[in-house]
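Chains as they are written, first to last, in my numbering: chain X, 1 to 212; chain H, 213 to 1011.
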């Protein structure tokens, strides 16, 4: 019953994603010459303090554009975007469910394209615009129509996948202001929800489409 | 009259934070000086460990400390230790390292010199029951529930030889009960099915791994955890940390899913606290997805034999069920006995025998998962019901109606009763909503390789308890604060079950605040948020607390305005004289007076019958306003049955074995509906989990080395949005349960089981083949359709 995976984020006509594929990600890690073994991939988590130096990486100051603002930040060569966002920029709305590009809880937009930030290296997105769940609403805390509709439809259950679902929904409406239910399903197909709140997410995004 | 709250939709207070990303789960919390922990997990299914040398690791720059079994209290078998040198499952934590960051901690783990002495292991309960078979623990191979102590049980070789490969060997059963005369009933039966079955163990795989942050401050231990429950966690945490319950500060405002595996304190939760005590720094233990598969619990699997006899009218006259439960390396859960209770209630057999044995294995610790026991057996029994209906020429809905329990049902050897049962109504209303008669006409309809299957499933869970505490405060600003000790599992029942207190006190929802998620807010003792019990259990506690507050409001009004307390009524955020409503006090005035009066009025005095956790919370609320606090002493008799029915239409490709779920409808008996949106959400979500239980949920082990092949989401394949129908219809009988002041029952668990059963029923309908197994994957379907034997034996596990 598992259908062929066909998320909008893997649009075969798009070239943008090529720069951000998992293969490129792994190549990037290797090229960065970081510690061997699992530790290199795992540091998703090193807490922002390299004082121990054991990980063998040297942080470098880069500037990334997050939610419309240029944010200078010290990053290691093997540092994932999810790690930078969560542990260095305080943007913990982006969640880690697997840290292995399976679940989609870490979904952010990079130049408008939904991307798993757990499998994207921060140093590869320096000249791109990153939007996280914290950045989809208005400048004064106004909710995006997708967020508002998710509240009205009581879409989240445990809420852990919700930021990823929000980002995928917002990205869809930016591309396609009036999607069908099936188009919504495909847009959200990279975001797992173990609570199974899928129907409510579809309902919410269809509802938001009329308002966005 | 104040607004009517129960039965209407509302926006739970925590949902906004979930959509904005402001919600803080334990892994999102940052405190100054926080360091990180990584654990060394056992690399094999069972070993005896000698830690040879840690000096190189500890000498590394950035390494802060190590924690071994010597630093934590022991937990002898069948307990599950916090850390151990005798790990009895793959991935079981042996020791932990704290460092400035995780990379350093991980590197340090690799520098620790450890000797592993491999031990015999058991992954298949039947293998362990065979004479001379391996025992998962040195002390034995069975342990379960409350009744079976850890010990050794071996069946005879003859038991196995007589059964062959197509029947469950049925040796000595440590658990056995019977009602009526089962043998005689089988003799008289018009139709009998007697077959072996397997339900796979499966991971709960909540999306949020169970990370914990802990530190000590002013003699108290602060724990930020990922748990379904709140107050329920306190005594267990206190015991694990060996401190008084009032010295535990537990914060769990959000929980990214639990499904039973985060209901109670779990061993790894204590590691950051002990490490923090040792090194004097706040410690964060992040759990990875792979670790979560090892230490995050899994649903006990079943190997069994189910024999069911029907009379010619379709009534189930006899059930004989034997279940071998596959547990982990610790005390097994009661799934297998719960399964028997479910058979006894849902199908009302007049004669029944149950036998069971809870076997321990060297797999992850097994713990209740949504619908523990009941959902496993629904997956097997419901397709049996379809076969009987077909054989006896009875409609498949009708045969379920014929066997459905009424309010006066008496079931199992315990002669249990129920508070109410409307499953027959659910069957009638649900099949109407699904348009069963139209759909069943499509059964077997072919379109090329594709064939339509129609399915129906039912499931049950005991869903409500009593005897816990409720607490409300009315503050001098006139607001009602409802203190909820319930966790935040994502069902919103912490909020919907609180509304009865506001309604009872005539308080608008706008002026109601729910205090939850942090023990510093003064939270009363209630049951864990498991077993679909919250809605029933805590509407009662909140009702009790609200009535206590109501009485105190009346007493204060009588003191100040004259007359007797009973002359007063409470509504619209005021207390007023019934005969002269101009004699009135606002909530704000009454709260101020309560603080002046002190004593019982503002919570400085409280009933001695309250639980220790509630008593520990009282100093935190005393003096804040008028305090209503009470134990739920309302009468309760019988089991509170949550009952659910599901209906599915699938289109199955006979060449690929894949199928699409075209339609799914669920209809439930949950008593009165107090929050329509959260009910719909639970029924739909449970349905998705159930569809996954039928199709993909399982843990797989390599029998030779005992290694786990399912350690990531793309191995276990929880269903995606493309795997389920785009629309799911939901309905409820909506008739009140007489033993709840709000008429409510829970329903979160059977909504999974009925969906799993409905899909399996539809697969059987489409293929004409009985699999007697979960999950059913496309390979099995292709083999069945081609008339080829399956690649496994009927009772084989870990496939």
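Glycine included, each C-beta is placed from N, C-alpha and C at the ideal position.
Contact set between residue i and chain C, taken where Cβ atoms lie within less than 8 Å
i                     : result
residue 98 of chain X : Annotation note: the requested chain C is absent from the structure, which comprises protein chains X and H.
Chain H within 9 Å of residue i, Cβ atoms only
i                      : result
residue 106 of chain X : no
residue 138 of chain X : no
residue 226 of chain X : Only positions 1 to 212 of chain X appear in the structure, and residue 226 of chain X is not among them; the question remains open.
residue 151 of chain X : yes
residue 185 of chain X : yes
residue 133 of chain X : yes
residue 95 of chain X  : yes
Residue i (DSSP reduced to helix, strand or coil)
i                      : result
residue 186 of chain H : Absent from the model: residue 186 of chain H. The displayed extent of chain H is 213 to 1011, so no value can be given.
residue 798 of chain H : strand
residue 367 of chain H : coil
residue 896 of chain H : helix
residue 986 of chain H : strand
residue 52 of chain X  : Caution applies to residue 52 of chain X, whose pLDDT of 43 falls short of 50 and renders its modelled position unreliable; the model cannot decide the point.
residue 351 of chain H : coil
residue 973 of chain H : helix
residue 814 of chain H : coil
residue 455 of chain H : coil
residue 530 of chain H : strand
residue 170 of chain X : helix
residue 316 of chain H : helix
residue 203 of chain X : helix
residue 324 of chain H : coil
For residue j and residue i, the rounded distance between their alpha carbons
i                      : j                      : result
residue 687 of chain H : residue 837 of chain H : 4 Å
residue 134 of chain X : residue 602 of chain H : 56 Å
residue 412 of chain H : residue 965 of chain H : 14 Å
residue 657 of chain H : residue 870 of chain H : 16 Å
residue 394 of chain H : residue 875 of chain H : 39 Å
residue 97 of chain X  : residue 421 of chain H : 7 Å
residue 171 of chain X : residue 948 of chain H : 44 Å
residue 191 of chain X : residue 867 of chain H : 29 Å
residue 507 of chain H : residue 577 of chain H : 7 Å
residue 215 of chain H : residue 648 of chain H : 39 Å
residue 436 of chain H : residue 706 of chain H : 19 Å
residue 264 of chain H : residue 348 of chain H : 25 Å
residue 846 of chain H : residue 616 of chain H : 29 Å
residue 39 of chain X  : residue 252 of chain H : Low per-residue confidence applies at residue 39 of chain X: pLDDT is 36, beneath 50, and the placement is therefore not dependable enough to give any value.
residue 183 of chain X : residue 275 of chain H : 50 Å
residue 704 of chain H : residue 741 of chain H : 11 Å
residue 259 of chain H : residue 335 of chain H : 14 Å
residue 957 of chain H : residue 854 of chain H : 6 Å
residue 954 of chain H : residue 884 of chain H : 7 Å
residue 789 of chain H : residue 753 of chain H : 27 Å
Residue i at chain X interface by Cβ criterion, 9 Å
i                      : result
residue 916 of chain H : no
residue 326 of chain H : no
residue 892 of chain H : yes
residue 511 of chain H : no
residue 930 of chain H : yes
residue 704 of chain H : yes
residue 933 of chain H : yes
Presumed contact (8 Å Cβ cut-off) between residue i and residue j, rounded CB distance
i                       : j                      : result
residue 1012 of chain H : residue 158 of chain X : The structure shown does not extend to residue 1012 of chain H, since chain H is modelled only from 213 through 1011, so no value can be given for it.
residue 85 of chain X   : residue 120 of chain X : In fact, because the Cβ distance is near 10 Å, the residues do not count as touching under 8 Å.
residue 493 of chain H  : residue 247 of chain H : 5 Å
| Closer than 8 Å, Cβ to any Cβ of chain X: which residues of the stretch 939–963 of chain H, in chain order? | 939, 940
* Within 8 Å of chain H by C-beta, residues of the stretch 65–84 of chain X in sequence order -> none
(Q) Please list, in chain order, the residues of the stretch 224–258 of chain H that have any C-beta partner in chain X closer than 9 Å. (A) 224, 226, 227, 228, 229, 230, 231, 232, 233, 234, 235, 236, 237, 239, 240, 241, 242, 246, 247, 248, 250
### Message
Output needed in chain order: residues of the stretch 107–126 of chain X with a Cβ under 9 Å from some Cβ in chain H.
### Response
none
(message) To be precise: take each residue of the stretch 461–477 of chain H, compare its Cβ to all Cβ atoms of chain X, and keep it if any distance is under 9 Å. Which residues remain?
(response) 466, 467, 468, 469, 470, 471
Chain-ordered residues of the stretch 159–179 of chain X with a beta carbon less than 8 Å from chain H | 159, 160, 161, 162, 163, 166
According to a CB-to-CB cut-off of less than 8 Å, which residues of the stretch 410–422 of chain H neighbour chain X? 417, 418, 419, 420, 421
Select from the stretch 201–212 of chain X all residues with a C-beta closer than 7 Å to any C-beta belonging to chain H, and list them in chain order. 202
query: Which residues, in chain order, does the stretch 898–911 of chain H contribute to contact with chain X at a C-beta distance below 9 Å?
result: 898, 899, 900, 901, 902, 903, 904, 907, 908
The stretch 483–500 of chain H: which residues have C-beta closer than 7 Å to a C-beta of chain X, in chain order?
498, 500
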